[in-house]
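Residue numbers (our numbering): 19 to 575.
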């Protein structure tokens with residue numbers, strides 16, 4: 019058990035500590051872009067450890083670390099060659115243990131990113147499969163199949179890769195002849211594992227226990243609606259739709275019913291560790307499914323604890339759209355006994371400032387105002403929240419990276435910049451007036467793995483901390499107030515009657531949040547000066563593109 023102070027009464031409220039995840043705010047660390055301790059231009063685990071006091075000061079409850087396992091880095095670590103070690107680029111196991119020690123001392127939870135849908139072409143299993151014959155046990159760990167057409171020259175089905183192009187690649191057999199095809203729903207270097215083979219489940223049991231024994235607090239699960247494919251691997255009914263989106267839409271390759279058995283088993287593993295010390299280990303899934311109702315099936319009481327709710331991220335800047343997705347989440351997901359896991363951004367999405375502004379600019383004033391308002395809205399909602407690194411600085415998307423520095427495999431496979439993710443992964447600016455902005459400890463000539471634009475100087479962490487009106491202080495103040503509200507992850511909300519274009523709700527603990535999605539000021543739904551607002555806010559008035567919080571004593575503010 020631990021105590022928090024109620025923001026309104028000042029009284030201490032006892033909260034069940036082992037349910038920490040229900041209202042946790044987790045900071046996503048994209049390790050290679052966070053902080054570089056070695057001077058090679060790539061962030062590492064020692065850099066993460068050095069940045070933990072900064073995150074403690076911000077006020078987050080935990081961190082989610084992007085993959086740092088041994089990998090050829092074709093998809094920046096999401097092509098895993100060994101699930102139980104650290105890539106030398108990022109450090110070693112002893113450095114990871116030091117990171118865990120410091121995180122424990124600071125009271126910061128640590129989640130690891132695990133990638134069970136696919137592995138690297140350099141994983142020992144896949145190397146063994148390439149050297150083995152068709153029909154072998156080694157190939158049964160993956161999806162190998164004979165091709166169609168004359169000589170098997172066409173892929174086994176019409177599935178598309180999420181990163182562009184066909185989802186199948188043909189291998190050359192040991193005798194030099196064209197052979198079978200293998201399935202890869204992402205890049206050719208990421209063969210999909212066959213979860214119908216029990217060896218695959220056992221392999222990940224070992225990986226989970228390896229890291230749980232080292233003290234981690236849980237896992238973010240990549241492609242959690244994937245894993246199982248239709249056993250007959252038939253043609254997709256709408257391959258053109260599959261090719262138009264990076265989201266999971268192929269019903270034959272995603273959201274198969276057997277995947278729920280995996281999460282029930284993983285939950286039982288976590289519960290085993292929880293039973294030892296009362297500290298609940300968390301499973302949070304990347305679940306891309308069409309509706310909130312389908313999403314809710316993944317967070318039933320014996321499956322994943324939580325799953326990212328991406329509908330808020332994808333909603334247009336519109337009061338009605340936000341109200342609709344929030345209502346569906348509260349009805350369908352919170353109704354399972356879980357709490358909603360809210361997210362506005364991650365390492366795969368255009369940064370919020372740019373997404374809400376005008377794409378192609380460094381982040382218009384309108385985009386920044388909307389991003390600040392959205393942050394306060396997210397932090398006021400019942401449930402957990404995830405913050406992608408750099409959002410607390412108001413970083414815009416870097417939209418003008420030259421072609422010759424792009425590393426996203428989507429660009430390599432499609433030749434198009436339309437869906438590339440490099441722009442949100444540019445290394446963070448920490449200090450100074452020129453690149454590398456304190457990101458790397460190397461010489462002044464040291465170059466980050468992606469170039470930082472000159473305007474990043476305006477967003478550097480040292481400036482953000484010094485400016486009390488910065489994004490950083492807005493996030494920090496919001497997190498401090500949130501921490502003073504009892505069990506913010508619990509309960510419901512009630513919508514308030516408002517002017518058109520304004521969204522407002524009241525929480526059971528008396529927190530009122532209102533957002534003006536328009537550009538003109540409107541009357542505030544609550545009288546008095548707000549506790550916190552995303553922009554200047556006079557009593558009784560809610561300016562355009564602004565959010566504000568109040569604490570109300572009234573049951574009907």
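From the three backbone atoms N, C-alpha and C, an ideal C-beta is built for every residue, glycine too.
Subject >> Contact check, residue 179 vs residue 205, beta carbons under 9 Å >> reply: yes
**OP:** Consult DSSP for residue 531 and reduce its assignment to one of helix, strand or coil.
**Re:** Collapsing the DSSP output to three states places residue 531 in a strand.
Subject >> Which residues DSSP lists as bridging residue 541, in chain order >> reply: 559
Subject >> Alpha-carbon to alpha-carbon, residue 43 and residue 509 >> reply: 17 Å
Original post:
Is the beta carbon of residue 274 less than 9 Å from the beta carbon of residue 245?
Top reply: yes
Original post:
Who are the Cβ neighbours of residue 549 in its own chain at under 7 Å, not counting the five residues just before and after it?
Top reply: 499, 567, 568 and 569
Original post:
Under a three-way DSSP split, which group does residue 214 fall into?
Top reply: coil
Original post:
Once you ignore the five residues that flank residue 440 on each side, which residues in its own chain have a CB closer than 7 Å to its CB?
Top reply: 419, 424, 425, 426 and 468
**OP:** Taking only the alpha-carbon atoms, compute the straight-line gap between residue 312 and residue 54 and give it to the nearest angstrom.
**Re:** 40 Å
**OP:** For residue 566, name the three-state secondary structure that DSSP assigns.
**Re:** strand
**OP:** Go through its chain and collect everything with a Cβ distance to residue 76's Cβ below 8 Å, but skip five positions before and after it.
**Re:** 45, 410, 490, 493, 494 and 497
**OP:** Look up residue 132 in the DSSP assignment and give the residues it is bridged to.
**Re:** 239
**OP:** Output the distance between the C-alpha atoms of residue 345 and residue 464, rounded to the nearest integer angstrom.
**Re:** 48 Å
Subject >> Pairwise C-alpha distance: residue 408 and residue 300 >> reply: 24 Å
Original post:
Relative to the C-alpha of residue 127, which residue among 292, 105, 81 and 143 is closest?
Top reply: 81
Original post:
Taking residue 412 as the reference, which of 392, 230 and 428 has the closest Cα?
Top reply: 392
Original post:
For residue 555, which residues from the same chain have a beta carbon less than 7 Å from its beta carbon, with the 5 sequence-adjacent residues on both sides left out?
Top reply: 548, 561, 564 and 566
Subject >> Exposed unless 16 or more other CB atoms sit within 10 angstroms - verdict on residue 21 >> reply: In this prediction, residue 21 has a pLDDT of 43, which is less than 50 and means its spatial position is unreliable; what the coordinates show is noted afterwards. Residue 21 sits exposed, since fewer than 16 C-beta atoms from the chains shown fall within 10 Å of its C-beta.
**OP:** Could you check how far apart the C-beta atoms of residue 89 and residue 103 are, in whole angstroms? I think they sit under 8 Å.
**Re:** The pair is not a contact, with the Cβ atoms about 10 Å apart (cut-off 8 Å).
**OP:** Let me know the secondary structure DSSP gives residue 177 once reduced to three states.
**Re:** coil
Original post:
Tell me, which residues are paired with residue 512 by DSSP?
Top reply: 524
Original post:
Quick one: what's residue 188 bridged to in DSSP?
Top reply: 199
**OP:** Ignore the nearest five residues each way along the sequence and tell me which others in residue 163's own chain have a CB closer than 7 Å to its CB.
**Re:** Counting only Cβ-Cβ distances below 7 Å, and skipping sequence neighbours, we find 174, 198, 199 and 251.
Subject >> Straight-line Cα distance separating residue 404 from residue 331 >> reply: Approximately 11 Å between the Cα atoms of the pair.
Original post:
Which two residues bound the contiguous beta strand (DSSP E) that contains residue 404?
Top reply: 402-406
**OP:** Let me know the secondary structure DSSP gives residue 344 once reduced to three states.
**Re:** helix
Subject >> Reference residue 481, options 96, 223, 269 and 448, closest by Cα >> reply: Answer by Cα proximity: 448.
Original post:
Apart from the five residues on each side of it in sequence, which residues of its chain come closer than 7 Å, Cβ to Cβ, to residue 159?
Top reply: 143, 147, 211, 212, 215, 217 and 218
Subject >> Assigned secondary structure, residue 147 (DSSP; H/G/I helix, E/B strand, else coil) >> reply: helix
Original post:
Helix, strand or coil: how does DSSP classify residue 479 here?
Top reply: helix
Subject >> Cut-off 6 Å between Cβ atoms - residues of its own chain near residue 229, not counting five sequence neighbours on either side >> reply: 130
Original post:
Looking at the structure shown, is residue 296 part of a helix, part of a strand, or coil, going by DSSP?
Top reply: coil
Subject >> For residue 81, the residue or residues it bridges with in DSSP >> reply: 45 and 128
Original post:
DSSP puts residue 372 in a beta bridge; with which residues?
Top reply: For residue 372, which the question treats as bridged, DSSP gives no partner whatsoever.
Original post:
Counting along the chain, where does the beta strand (DSSP E) carrying residue 359 start and finish?
Top reply: Looking at the DSSP string, the run of the beta strand (DSSP E) that includes residue 359 is 359-361.
Original post:
Less than 9 Å separating the beta-carbons of residue 285 and residue 323?
Top reply: yes
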